[in-house]
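**Q**
Protein chains: 2
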Amino acid sequence: MGNVAYQTYSAEHLRTFCTQVFETFGIVPEDATLAANVLITSDLRGIDSHGVARMHNYVDLLEKNEVNPHPKLTIVRESASTATVDGDNGLGLVVGPKANQIAMDKADQVGTGWVSIANTNHFGIAGYYVLQALERDMIGWSMTNSTHLVAPLWGSERMLGTNPIAIAFPGAQEPPIVIDMATCAAAFGKIEIARRHQKNIPDGWAIDAAGNPTNDPHIVTQSGALLPLGSDREHGGHKGYSLAMMVDILSAILSGANWGPFTPPFIVNQAPAARSVGKGIGHFFGAMRIDAFIDLAEFKAQIDDYVRTLRATKPAPGTAGPLIPGDPERECEQVRESEGIPLVMSVVETLRDVARRTGVAFDR
Amino acid sequence: MGNVAYQTYSAEHLRTFCTQVFETFGIVPEDATLAANVLITSDLRGIDSHGVARMHNYVDLLEKNEVNPHPKLTIVRESASTATVDGDNGLGLVVGPKANQIAMDKADQVGTGWVSIANTNHFGIAGYYVLQALERDMIGWSMTNSTHLVAPLWGSERMLGTNPIAIAFPGAQEPPIVIDMATCAAAFGKIEIARRHQKNIPDGWAIDAAGNPTNDPHIVTQSGALLPLGSDREHGGHKGYSLAMMVDILSAILSGANWGPFTPPFIVNQAPAARSVGKGIGHFFGAMRIDAFIDLAEFKAQIDDYVRTLRATKPAPGTAGPLIPGDPERECEQVRESEGIPLVMSVVETLRDVARRTGVAFDR
């Protein structure tokens with residue numbers, strides 16, 4: 141963690157804390173546990189920006205009654221392999237896992253299941269949902285739209301979210317391939333880290349409010365925009381832009397949620413969207429039963445061969461060779477399961493504040 | 141077309157020529173027409189690399205009996221929403237449209253259809269297949285793996301194909317959003333154009349055989365590799381690499397085709413793959429009935445609003461503002477439908493050669 145002060149907590153400690161905090165808002169224990177699990181999975185896997193660091197944002201939303209602590213999910217339309225779900229303005233951390241389960245249950249019945257969800261809120265890491273599918277020997281898909289931070293290629297303002305895509309494939313002896321990627325060139329969190337360290341950001345990450353390239357992280361967090369994956373036309377910025385649109389449409393237009401620049405902000409007291417074009421934000425989940433396509437053992441054996449083949453690629457100079465998607469997160473999880481989750485002191489302070497506001501003990 | 145010599149032919153002329161050429165190999169008229177349509181759609185839409193410019197490669201394959209002119213597609217496994225298809229080593233231009241139809245027919249029945257295909261060959265442009273789905277008011281998905289040209293991030297050799305992803309969404313008054321993108325930073329065709337013009341290629345497109353960045357197109361075509369979308373770690377090269385893997389697995393591991401570095405070459409007399417891990421190459425198609433999720437008219441009205449909203453983005457300096465995916469191809473199609481398809485003389489020469497070899501008149 142460099143020279144940043146931090147304190148380490150066990151996953152179990154943080155899970156219990158988050159569960160109890162959610163319960164103080166009247167969230168039923170089953171849902172509170174579900175939500176806490178999504179957050180702790182993120183911290184265990186090293187995606188620190190999406191775990192307990194966001195707990196105070198969720199508490200803000202619950203305190204201001206901006207999310208419904210008792211959501212009743214409704215299937216507003218369905219077919220044998222599809223469902224459109226209204227999340228009743230619940231926490232995405234609760235609505236997400238339940239909607240994902242609908243997709244997996246449909247896959248059990250007819251081979252695949254596809255669920256688009258409106259009237260929901262931020263759902264944590266996209267990767268959580270595809271890990272659930274792996275447990276059922278399914279290929280899971282997970283997407284969500286989010287508050288606008290990214291400019292379209294050739295645009296000069298924030299119009300699209302960082303709109304992540306996750307998908308995972310199980311191996312037999314080898315660990316699974318777990319893809320979980322935002323569709324922008326660099327995460328907003330990386331801009332914030334550069335700003336805190338007073339460092340320039342690389343070319344190709346962001347633009348200023350006039351649409352010109354910038355290396356100044358202060359400008360980006362205040363008024364600029366992130367660039368899509370590919371950055372500029374020459375390097376395929378139209379492709380990242382296209383993927384962000386795809387996620388937006390599958391998650392929000394297919395479900396009747398808000399999209400693009402009208403996606404509501406995650407954080408309380410941020411400027412509301414210019415107009416409403418739907419309900420809440422949107423997610424999209426898919427589940428594919430592998431044995432609906434091919435013998436499961438054969439598939440897993442091929443994935444093992446695939447993983448080993450790619451690991452055996454001749455390394456680029458100065459590297460140890462290609463990784464397999466999911467490697468860094470899995471390695472982090474192994475360490476943090478045994479050694480605990482290091483939280484920077486600024487995050488610890490927000491959790492202590494949550495403890496004061498909810499009466500749940502944090503440091504014991 | 142700059143100062144390159146070319147000759148213009150009507151789409152109808154080229155379609156008839158290709159159909160008749162395919163028929164000389166005993167391909168039934170229905171299949172020959174299907175294959176020709178895929179190629180001409182590519183030329184009409186301005187994707188010159190994937191249209192009649194490849195006709196001589198298909199003829200090479202047919203002459204050497206490397207593809208089966210009379211393929212019988214077999215569904216080797218299926219569920220209500222899925223099928224795994226053996227393409228019987230047919231032309232991808234014939235197997236692809238038929239497998240895509242299976243996906244769409246399943247969507248008619250249960251909301252969505254998903255088909256993975258092994259034992260097939262190059263299928264033309266991925267975009268063709270999603271345009272077919274649009275005609276049935278479905279969201280179409282199309283992917284294929286292909287001969288290895290792309291290095292994984294932190295690798296220094298060709299391990300993955302350019303593995304494209306296509307998906308399309310229909311509007312009402314506005315034209316559809318048609319995404320069709322390779323998962324590498326820049327197409328191999330762009331490297332070849334730079335080589336012909338003796339020009340350097342930009343940073344971020346490719347590496348040499350030692351894995352170092354290179355700007356020399358000769359090196360790349362001889363022994364180097366393309367880089368994935370995102371180019372390097374800092375700009376998200378792991379994301380393009382992940383997407384290429386996703387396409388490979390859905391197209392080839394799910395179906396039992398060859399994958400990664402073992403994907404067979406498209407061109408006759410190229411070095412065969414180091415080993416066989418399946419049959420032929422693989423495609424993957426999906427079809428989602430929009431009205432399985434939401435009222436069709438409501439969806440299309442929202443897409444219109446979405447397209448207009450993104451077009452109204454404040455333009456980046458020196459640009460006319462963001463395009464909508466599919467704009468350039470649709471505009472090209474309108475021009476070429478009326479004015480004809482300009483072919484560079486080197487392509488015309490290959491077609492004249494095909495004419496000589498097959499006895500089908502080309503220039504009339």
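Note that the protein sequences, when read in sequence, are chains V and C.
Okay, so the first sequence: first residue is 141 according to my numbering, each after it adds one.
Okay, so the second sequence: first residue is 141 according to my numbering, each after it adds one.
Quick reminder that beta carbons are idealized off the backbone N, C-alpha and C, glycines included.
#1: Would you mind telling me which residues of chain C sit closer than 9 Å to Thr449 (chain V), beta carbon to beta carbon, in chain order?
#2: On the premise that Thr323 (chain V) lies in contact with Asp304 (chain V), defined as a C-beta separation below 8 Å, what is that separation, rounded to the nearest angstrom?
#3: Spatial neighbours of Val488 (chain V) within its chain, please: CB distance less than 6 Å, with the 5 preceding and 5 following residues excluded, ordered by chain position.
#4: Report yes if the CB atom of Val255 (chain V) is closer than 7 Å to the CB atom of Ala243 (chain V), and no otherwise.
#5: At what residues does the alpha helix (DSSP H) containing His262 (chain V) begin and finish?
#6: Does chain V have any CB closer than 7 Å to the CB of Val225 (chain C)?
#7: What residues from chain C crowd round Asp445 (chain V), counting only those whose CB sits closer than 7 Å?
#8: Under three-state DSSP, which class holds Ala441 (chain V)?
#9: Is DSSP giving Phe328 (chain V) helix, strand or coil here?
#10: Is the segment 149 to 159 of chain C touching the segment 173 to 182 of chain C, taking contact as three or more C-beta pairs under 8 Å?
#11: Spatial neighbours of Thr252 (chain C) within its chain, please: CB distance less than 8 Å, with the 5 preceding and 5 following residues excluded, ordered by chain position.
#12: By the 10 Å Cβ neighbour count, where 16 or more other Cβ atoms means buried, how is His358 (chain V) classified, buried or exposed?
#13: Would you please verify whether the beta carbon of Gly267 (chain V) is less than 7 Å from any beta carbon of chain C?
#14: Can you give me the start and stop residues for the beta strand (DSSP E) that Val318 (chain V) sits inside?
#15: Specify the secondary structure class of Gly280 (chain V) as computed by DSSP and reduced to three states.
#16: By the criterion of Cβ-Cβ separation under 9 Å, what are the contact partners of Ser363 (chain V) in chain C?
#17: In terms of residue numbering, what span does the beta strand (DSSP E) encompassing Ser219 (chain V) cover?
#18: In the DSSP assignment, find the unbroken alpha helix (DSSP H) run with Gly191 (chain V) in it and report its ends.
#19: For Lys238 (chain V), which residues in chain C fall below 8 Å Cβ to Cβ?
#20: Under 7 Å between the Cβ atoms of Gly227 (chain V) and Asn259 (chain V)?
#21: Would you say Met283 (chain V) lies against chain C (beta-carbon separation less than 7 Å)?
#22: Quick check: what's the CA-CA separation for Met141 (chain C) versus Ala239 (chain V)?
#23: Sorted by chain position, which residues of the same chain lie with C-beta nearer than 7 Å to Ala495 (chain V)'s C-beta, five sequence neighbours on each side aside?
#24: Per DSSP, what are the beta-bridge partners of Val290 (chain V) in this structure?
#25: Taking Arg386 (chain C) and Ile319 (chain V) to be in contact with their CB atoms under 8 Å, please state how far apart those CB atoms are, rounded to whole angstroms.
#26: Quick test of the definition: if touching needs 3 or more C-beta pairs under 8 Å, does the segment 332 to 349 of chain V touch the segment 277 to 285 of chain C?
#27: Spatial neighbours of Ala223 (chain V) within its chain, please: C-beta separation below 6 Å, excluding the five flanking residues on both sides.
#28: Check whether the Cβ of Met141 (chain V) lies closer than 7 Å to any Cβ atom in chain C.
#29: Nearest to Ala261 (chain V) by CA position, among V:Val270, V:Glu438 and V:Ser391, is which residue?
#30: Could you have a look at Thr453 (chain C) and say whether DSSP puts it in helix, strand or coil?
#31: Out of C:Ile347, C:Ile180, C:Ser182 and C:Ile393, state which residue places its alpha-carbon closest to the alpha-carbon of Pro111 (chain V).
#32: Leaving out the 5 sequence neighbours to the left and right, which residues in its chain are closer than 8 Å to Val408 (chain V) when beta-carbon positions are compared?
#33: Between Met321 (chain V) and chain C, is the shortest Cβ-Cβ distance under 7 Å, so that the two count as touching?
#34: By how many angstroms is the C-alpha of Thr449 (chain C) removed from the C-alpha of Gly364 (chain V)?
#35: Would you decide whether Pro169 (chain C) is buried or exposed? Buried here means 16 or more other CB atoms lie within 10 Å of its CB.
#36: Determine the contact status of Ala384 (chain V) and Leu300 (chain V), defining contact as a CB-CB distance below 7 Å.
**A** To lay it out plainly:
#1: Met299, Trp399, Gly400, Pro401, Phe402 and Val417
#2: According to the sequence shown, residue 304 (chain V) is Pro rather than Asp. Right, the Cβ-Cβ distance comes to about 7 Å (below 8 Å), so this counts as a contact.
#3: Gln147
#4: yes
#5: Element bounds for His262 (chain V): n/a, residue is neither H nor E.
#6: no
#7: Val417
#8: helix
#9: helix
#10: yes
#11: Ser221, Lys246, Gly426, Ala427, Met428, Arg429 and Ala432
#12: exposed
#13: no
#14: Ile317 to Met321
#15: strand
#16: Simply none; closest approach about 12 Å.
#17: Thr214 to Ser219
#18: No alpha helix (DSSP H) holds Gly191 (chain V); DSSP gives it neither H nor E.
#19: Those do not exist, as Lys238 (chain V) stays about 18 Å from chain C at its closest Cβ, beyond 8 Å.
#20: yes
#21: no
#22: Residue placement at Met141 (chain C) cannot be trusted, given a pLDDT of 43 that sits under 50; what the coordinates show is reported in the next sentence. So the two alpha carbons sit approximately 52 Å from each other.
#23: Ala501 and Phe502
#24: V:Leu300 and V:Leu366
#25: Note that residue 386 (chain C) is Met in the sequence shown here, rather than Arg. With a Cβ gap of about 6 Å, Met386 (chain C) and Ile319 (chain V) count as contacting.
#26: no
#27: Ile215, Ile242 and Val255
#28: Summary for Met141 (chain V): the model assigns pLDDT 43, below 50, so the residue's position carries little reliability; its value from the coordinates is reported in the next sentence. Chain C contact via Cβ: absent.
#29: Strictly speaking, residue 261 (chain V) in this sequence is Asn, with Ala absent from that position. That would be V:Ser391, whose Cα lies nearest to the Cα of Asn261 (chain V).
#30: coil
#31: Shown here, chain V extends from 141 to 504; a query on residue 111 (chain V) therefore has no answer.
#32: Asn197, Asp200, Leu201, Lys204 and Glu206
#33: yes
#34: 19 Å
#35: exposed
#36: yes
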